[in-house]
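Working notes, beginning with the structure itself.
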Amino acid sequence: MSQLDELYREVILDHYRNPRKRGSLKGPHVHAEGNNPSCGDEFALDVAVEDGLIIDAAMQGQGCSISQASGSMMMDAIVGKSIDEARDLTHKFKVMMTIVDGDSPVDPERPGAVLGDLEALQGVRRFPVRIKCADLAWTTLSEALDRATDGDR
Amino acid sequence: MSQLDELYREVILDHYRNPRKRGSLKGPHVHAEGNNPSCGDEFALDVAVEDGLIIDAAMQGQGCSISQASGSMMMDAIVGKSIDEARDLTHKFKVMMTIVDGDSPVDPERPGAVLGDLEALQGVRRFPVRIKCADLAWTTLSEALDRATDGDR
Amino acid sequence: MSDLRSLRADFPILSREVNGHKLVYLDSAATTQKPVSVLDAMDRYYRNSNANVHRGAHTLSNEATEMYEGARVKVASFIGAQAAQTVFTRGTTTAINHIAYGWGLDHLGEGDRILVTIAEHHANLVPWQIIARHTGAELVYLELTDDYTVDTSDLEAVLDERVKVVAFSGMSNVTGALGPIDVLGKAARSVGALIVLDAAQLVPHSPVDVTEVDVDFMAFSAHKMLGPTGIGALWGKAERLEEMEPTEGGGEMINMVERQTSTWAPVPHKFEAGTPPIAEAVGFAAAVDYLTAVGMENIALHEQELTTYALERLSEIPDLKVYGPKDVTHRGGTVSFELADIHPHDIATILDQDGIAVRAGHHCARPLMKYLDVPATARASFYLYNVPEEVDLLVDSLMNARRIFGIA
Amino acid sequence: MSDLRSLRADFPILSREVNGHKLVYLDSAATTQKPVSVLDAMDRYYRNSNANVHRGAHTLSNEATEMYEGARVKVASFIGAQAAQTVFTRGTTTAINHIAYGWGLDHLGEGDRILVTIAEHHANLVPWQIIARHTGAELVYLELTDDYTVDTSDLEAVLDERVKVVAFSGMSNVTGALGPIDVLGKAARSVGALIVLDAAQLVPHSPVDVTEVDVDFMAFSAHKMLGPTGIGALWGKAERLEEMEPTEGGGEMINMVERQTSTWAPVPHKFEAGTPPIAEAVGFAAAVDYLTAVGMENIALHEQELTTYALERLSEIPDLKVYGPKDVTHRGGTVSFELADIHPHDIATILDQDGIAVRAGHHCARPLMKYLDVPATARASFYLYNVPEEVDLLVDSLMNARRIFGIA
Ligand SMILES: Cc1ncc(COP(=O)(O)O)c(C=O)c1O
Ligand SMILES: Cc1ncc(COP(=O)(O)O)c(C=O)c1O
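Residue numbers (the working numbering), protein chains in the order written: chain A, 1 to 153; chain B, 1001 to 1153; chain C, 2001 to 2408; chain D, 3001 to 3408.
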């Protein structure tokens, strides 16, 4: 597989073209926005939290296949998880993308076991300028979660 | 004679150390100031004009040997001359210094015949950065003469 | 096709490989590559004559001053101007900020209007927004025709005595459309407004003579015309420069400094506080020498031919849409496009794998992106060193992008 | 004597001849010469990686961005700072103007005071004068002791809550005197004033660590520390940079641009509108690499030894007066002097005939000249590449000046 085919895997293009949970939430939720001014990617999301659990989420914005697919996969991954689990996932994702240091969360023996579809984004690491595309959704999520737990602190 | 000895002739050092007509005029006169910000030279002069004739002049300011000597020699040269003659002298001086284009006013057969002591400043031409030192007094004079004849126009 | 092909040998970077392919550099609207003569001029300056300017009585300082002021004369005469009205700045952005702060702050007030176009680069928008905020003025926008040129048909509607500045670019860095210099110029004059021409994309690509275009200020950057980074120029009419306040204080721009107040040096030095970009001026002069030797007419012709070819070839690609004039006499060699549902950023990545450098993004023109209702565009931009084969490679690579994105 | 002599081979210009003599370059306070490594770094950048930064998804643009941002990290760590608080500017002058306009305009008002010293360079005076005029603040001056250091003995008299800014240089470019960073810093803190350090002559000549000196802002220029023209740096405390307004609008410094208003990018990019000096940043980084390899401690020691020798030799010349501290622990290697009644400009001309480059004039410090009651001074300034023999040549040439002026 060429580096490009590695980057633009089937599953990524599918999430890009059919993003999960696009739209906005009606009920109580927190909202956060992020953008990459240099490339024009914009990302925003609503997160509904109840008793420390992410009960629903929705994403808005526009951007390249990587930023959109990363956001869409993230939506799939976080709904139903606790805030702590979502934060842990964010950390694992950023380690996988070499954005933060740490031991790789990806088990080569059992592909997809830890991060599911998200592991398809590994190909991005070969394209350093695109890493920030993959990261945008997660940085925005962190802000939303901080906001959701602001009252707790 | 070395280029330096050529530049710093006896007569120039004499005018530098014993400038003619230093001070200010008491009676009616016009005043003009000039400076070279890059080297700090400052020059100012008073000119008393009566019936188109320069009847007296005085200089102030401070600067290098070239600017002071040029000013001092100029004082000697202009007092007693008509405004038109002083303007003509200014032009001739600037031609000699290659500041403006024209045929050399200096007659090699009869040194000093046209510009008198001022011809000693010819050595400055070999030191292009110093030409503006020699020029300062004359530019200031031009301004003073313009001012003196302002009513006439 | 006019052949400047042999010039490619003057640009060392063009023989470099990128991802295993020979570099195809189609990003000259962002910055241009440099010929050896420009690099050598700067190197020679540093190795032989490097000194600070204007301040010294020693030989090196004199040489440096003559080279710096000589560069000013060359850059000025390249645009038909006088050196005394040509100010060296850090680039176009700084030049326009000079105008906005130095002229605008004192001459604009509550209710005044600054007429711009929706196609402006942020460099010709944000400074005006800042001055508008300080003075109570507002920005008024002209929009675009169907062919992406500035729509001046409803100029009447926005043109009145409240318009104090008309600021627009000579060529859009997104659509490639040429600015309506004559129409906007006349309109501005009819209400006594100041005319500011952002010539960052104009001066590099065609002959420009300030005695022939009726503008008050013009700004451009060396790095977009074969010169180095770190320098550009602001040209202004003598009266305008006189009435403009300096926007930086410091050495070299003063006449006399007292404890509480100072007076300023004459134009252009009034606007050049501190040690200027000396080596950069030397490189800038070498760049205009190079351009002059090639001939701006030849460069303009070459780019027109190349653009004609590119528009033709791009039209063969299904689902490809060009955002810019179809008529090559209304445009320069900067071509923005979108391809099916492939995001421009993805296009750039795919092309880069073939060694082709194009830009993707909002090109510092976000209001235009919003107006065009696109998140971003991909942009290929040509200069004198580009050749038709590079257009062919671009087309091949775009076809490959379709394949990768599974578009039949 | 600490021997950096072998470094001279790295500076091509040092083997050039001036008026038939080998160049003796004693004008490093104006600008320094460049080692081959700095010139090569810029040349390599242009030949291999030249592209605009931050804007692209192609390989060259990515390389250029990494080199530019990598340069920021290097320059920052050279002064013990974080890259995020290190802004690239055109030079010291632009950096201080940023502070004066960006911070001063919003934070100063009628009756406020800006405390400066009489020894400041115009770059650290004129911007404050301009801001004072806009805001109604005024400048208050500290003068000098008999040994030409800043006289802080009557600090009490001028220090009160009205003082909002204390701005001074780390080393005078005229007297060579080191600035009383500790004393003025403490004084400023005691009244809650902002501390601005003009480090144009400090950072090039001795180790400086912003975590060890208590200042809010610090400015310096690459060209005075072996780097290229066209670039310098502004360092500021994070909180101060946050509360500072940008002084230029344009591309790269924005977050979001709407038709009437915009928001700004985070620091440091907020202060870097438009295409930055990219090649210059690369050269700047190479310069700090070079300085780091030699060791700033070694450079400081070398200059101290050379200055000691120079002061000793100069004291042998009759009628020569040094304007600067006698104690070498209070000063750097910049020596201003006058010789009998020979005007400094004449001294410079005479020395230049022997290939010796010194500066003559007011050194962009006219208030100091007036205070010292001199029309100008001659100034010899040393750097790491100077050697004692050059001091000897200076002394010989000064003796010749006496002869030419007929002084016994
Ligand atoms: C003490 C001091 N401050 C500021 C400056 C201004 O630096 P630049 O001209 O590089 O902006 C200089 C150099 O001329 C200087 O010596
Ligand atoms: C039309 C236009 N105006 C202004 C600029 C800003 O130029 P610079 O970044 O050199 O200041 C650019 C380039 O980016 C441009 O294309």
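All residues carry an ideal CB built from backbone N, CA and C; glycine is no exception.
Item: Contact set between the segment 1004-1027 of chain B and chain E, restricted to residues whose Cβ is under 9 Å from the partner; Value: Reference to chain E is not applicable here, since the protein chains of this structure are A, B, C and D.
Item: Closer than 7 Å: S38/A CB and nearest ligand 2 heavy atom; Value: no
Item: Contacts of F127/A in chain C (Cβ-Cβ under 8 Å); Value: T2349
Item: Contact list for the segment 1029-1061 of chain B against chain D, Cβ threshold 7 Å; Value: S1038, C1039, G1040
Item: Simplified DSSP assignment, three categories, for Y2045/C; Value: helix
Item: Proximal residues to M100/A (C-beta, below 8 Å), its chain only, five neighbours per side dropped; Value: With the sequence shown as reference, residue 100/A is identified as Val, and Met is not the correct amino acid for it. H91, K94.
Item: Per-residue DSSP class, three states only, for T2094/C; Value: helix
Item: Contacting residues, own chain, Cβ-Cβ under 6 Å from L3194/D (five flanking each side not counted); Value: V3165, D3216
Item: Three or more C-beta pairs below 8 Å linking the segment 3359-3366 of chain D and the segment 3375-3391 of chain D; Value: yes
Item: Residue(s) in a DSSP beta bridge with W2264/C; Value: I2254/C
Item: Beta strand (DSSP E) segments (min. 3 residues) lying fully within the segment 2180-2214 of chain C; Value: 2194-2198
Item: Contacting residues, own chain, Cβ-Cβ under 8 Å from V3038/D (five flanking each side not counted); Value: L3226, G3227, P3228, G3283, A3286, A3287, Y3290
Item: Exposure of T2261/C, with buried meaning 16 or more beta-carbon neighbours within 10 Å; Value: exposed
Item: Extent of the continuous beta strand (DSSP E) run through Q1060/B; Value: 1053-1062
Item: Reduced DSSP secondary structure (H/G/I, E/B, other) of G3332/D; Value: coil
Item: Chain D contacts from the segment 2119-2131 of chain C (Cβ-Cβ distance under 7 Å); Value: H2121, H2122, A2123, L2125, V2126, P2127, Q2129, I2130
Item: Cα-Cα separation between A2238/C and M2256/C, rounded to whole angstroms; Value: 22 Å
Item: Interface flag, A3382/D vs chain B, CB-CB below 8 Å; Value: A small fix is needed here, since residue 3382/D is Phe in this sequence, not Ala. No, F3382/D lies away from the interface with chain B (no Cβ there is under 8 Å from its Cβ).
Item: C-beta neighbour in chain B for A2095/C, strict 8 Å; Value: no
Item: Contact the segment 3319-3328 of chain D vs the segment 2383-2392 of chain C: 3+ CB pairs below 8 Å; Value: no
Item: CB contact flag (T2032/C, P2207/C, <8 Å); Value: no
Item: H1031/B - containing beta strand (DSSP E), residue span; Value: 1030-1036
Item: Member of A3084/D, R3005/D, A3157/D whose CA lies at the smallest distance from the CA of F3271/D; Value: A3084/D
Item: Sequence-distant residues of its chain with Cβ nearer than 6 Å to D3214/D (five each side left out); Value: G3185
Item: Within chain A, the residues that D2346/C reaches when beta carbons sit closer than 8 Å; Value: Y8, C64, S65, I66
Item: Heavy atom of ligand 1 within 7 Å of G3176/D beta-carbon; Value: no
Item: Contacts around H2269/C, its chain only, beta-carbon distance under 7 Å, and the 5 residues preceding and following it disregarded; Value: E2252, M2253
Item: Pick from G71/A, V124/A, V49/A that is closest to Q62/A, judged by C-alpha positions; Value: G71/A
Item: Near-chain B residues of the segment 3025-3046 of chain D - C-beta to any C-beta below 7 Å; Value: none
Item: Whole-angstrom distance between T2092/C and D2209/C, CA atom to CA atom; Value: 17 Å
Item: Environment of P28/A [buried if 16+ CB atoms lie within 10 Å]; Value: exposed
Item: Against chain B: residues of the segment 3354-3368 of chain D by CB proximity under 7 Å; Value: A3360, G3361, H3362
Item: DSSP-derived helix/strand/coil call for D41/A; Value: strand
Item: C-alpha distance - L3339/D paired with M1075/B, whole-angstrom precision; Value: 27 Å
Item: Range of the contiguous beta strand (DSSP E) that encloses K3270/D; Value: Careful: K3270/D lies outside any beta strand (DSSP E) and carries neither H nor E.
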